[in-house]
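Written below as C-alpha coordinates is the structure these notes are about.
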Amino acid sequence: QRDMPKQKASGLPLSAFLLHNLATIELNAVDLAWDTVVRFSDPAVARAAGAKLPLPREFFEDFAAIADDEARHLTWCLDRMEALGGYRYGDMP
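Take 8 as the starting number for the sequence shown in my numbering and just add one per residue.
This is the structure we're talking about:
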(Lines of atoms letter the chains of each structure in order from A and count residues from 1; the text may use other names and numbers.)
(Lines give C-alpha, C1' and ligand atoms only; values in the text may rest on other atoms or scores of the structure.)
Protein backbone atom coordinates (compact mmCIF):
# COMPACT_ATOMS: atom_id res chain seq x y z
CA GLN A 1 0.00 0.00 0.00
CA ARG A 2 1.35 3.39 -0.98
CA ASP A 3 1.08 6.33 1.38
CA MET A 4 -0.55 9.46 0.03
CA PRO A 5 1.59 12.56 0.39
CA LYS A 6 0.31 15.37 2.53
CA GLN A 7 -0.95 18.39 0.65
CA LYS A 8 2.10 20.51 1.48
CA ALA A 9 4.48 17.79 0.29
CA SER A 10 2.51 17.30 -2.94
CA GLY A 11 3.56 20.64 -4.39
CA LEU A 12 -0.05 21.36 -5.37
CA PRO A 13 -2.32 24.05 -3.97
CA LEU A 14 -5.08 22.69 -1.75
CA SER A 15 -7.81 22.97 -4.40
CA ALA A 16 -5.78 21.06 -7.02
CA PHE A 17 -4.69 18.51 -4.41
CA LEU A 18 -8.30 17.79 -3.42
CA LEU A 19 -9.44 17.61 -7.04
CA HIS A 20 -6.58 15.23 -7.84
CA ASN A 21 -7.72 12.93 -5.02
CA LEU A 22 -11.34 13.19 -6.14
CA ALA A 23 -10.28 12.40 -9.72
CA THR A 24 -8.65 9.21 -8.44
CA ILE A 25 -11.94 8.18 -6.82
CA GLU A 26 -13.89 8.95 -10.00
CA LEU A 27 -11.41 7.02 -12.15
CA ASN A 28 -11.76 4.00 -9.86
CA ALA A 29 -15.55 4.27 -10.10
CA VAL A 30 -15.36 4.22 -13.92
CA ASP A 31 -13.07 1.20 -13.78
CA LEU A 32 -15.32 -0.68 -11.34
CA ALA A 33 -18.46 -0.05 -13.38
CA TRP A 34 -16.89 -1.37 -16.60
CA ASP A 35 -15.29 -4.24 -14.68
CA THR A 36 -18.75 -5.25 -13.50
CA VAL A 37 -20.09 -5.23 -17.07
CA VAL A 38 -17.22 -7.36 -18.35
CA ARG A 39 -16.98 -9.69 -15.37
CA PHE A 40 -20.70 -10.46 -15.17
CA SER A 41 -21.00 -11.01 -18.91
CA ASP A 42 -19.39 -14.37 -18.13
CA PRO A 43 -22.28 -16.62 -16.98
CA ALA A 44 -19.96 -18.71 -14.80
CA VAL A 45 -18.89 -15.62 -12.84
CA ALA A 46 -22.46 -14.38 -12.51
CA ARG A 47 -23.65 -17.82 -11.33
CA ALA A 48 -20.80 -18.05 -8.78
CA ALA A 49 -21.87 -14.65 -7.42
CA GLY A 50 -25.40 -15.99 -6.92
CA ALA A 51 -27.06 -14.13 -9.80
CA LYS A 52 -30.10 -15.54 -11.54
CA LEU A 53 -29.23 -16.23 -15.15
CA PRO A 54 -29.46 -14.84 -17.64
CA LEU A 55 -28.82 -11.38 -16.28
CA PRO A 56 -31.19 -8.87 -17.87
CA ARG A 57 -29.89 -6.44 -20.47
CA GLU A 58 -30.84 -3.61 -18.10
CA PHE A 59 -28.22 -4.82 -15.62
CA PHE A 60 -25.50 -4.09 -18.16
CA GLU A 61 -27.14 -0.89 -19.38
CA ASP A 62 -27.33 0.43 -15.82
CA PHE A 63 -23.63 -0.18 -15.20
CA ALA A 64 -22.72 1.37 -18.55
CA ALA A 65 -24.73 4.45 -17.53
CA ILE A 66 -22.92 4.53 -14.18
CA ALA A 67 -19.57 4.39 -15.99
CA ASP A 68 -20.71 7.29 -18.19
CA ASP A 69 -21.74 9.37 -15.16
CA GLU A 70 -18.48 8.70 -13.36
CA ALA A 71 -16.48 9.53 -16.50
CA ARG A 72 -18.31 12.87 -16.67
CA HIS A 73 -17.41 13.55 -13.01
CA LEU A 74 -13.79 12.67 -13.78
CA THR A 75 -13.78 15.07 -16.72
CA TRP A 76 -15.13 17.86 -14.50
CA CYS A 77 -12.30 17.28 -12.02
CA LEU A 78 -9.66 17.23 -14.74
CA ASP A 79 -11.05 20.34 -16.44
CA ARG A 80 -11.11 22.23 -13.16
CA MET A 81 -7.54 21.18 -12.33
CA GLU A 82 -6.44 22.52 -15.71
CA ALA A 83 -8.32 25.77 -15.11
CA LEU A 84 -6.65 26.21 -11.71
CA GLY A 85 -3.22 26.50 -13.24
CA GLY A 86 -2.55 23.80 -15.78
CA TYR A 87 -2.48 20.94 -13.28
CA ARG A 88 -2.93 17.45 -14.69
CA TYR A 89 -3.84 14.09 -13.32
CA GLY A 90 -0.57 12.49 -12.25
CA ASP A 91 1.06 15.75 -11.17
CA MET A 92 0.94 14.61 -7.57
CA PRO A 93 3.79 12.27 -6.62
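C-beta: ideal position from N, C-alpha, C; glycine also.
Query                                                                                  : Result
CB-CB length for V37 against L81, believed under 8 Å                                   : 6 Å
Same chain, Cβ closer than 7 Å to A74, neighbours up to 5 away in sequence not counted : V37, A40, W41
Residue nearest to A78 in terms of C-alpha spacing, selected from L29, F47, A23        : L29
Unbroken alpha helix (DSSP H) run spanning K15, endpoints                              : 14-17
C-alpha distance - L91 paired with T43, whole-angstrom precision                       : 34 Å
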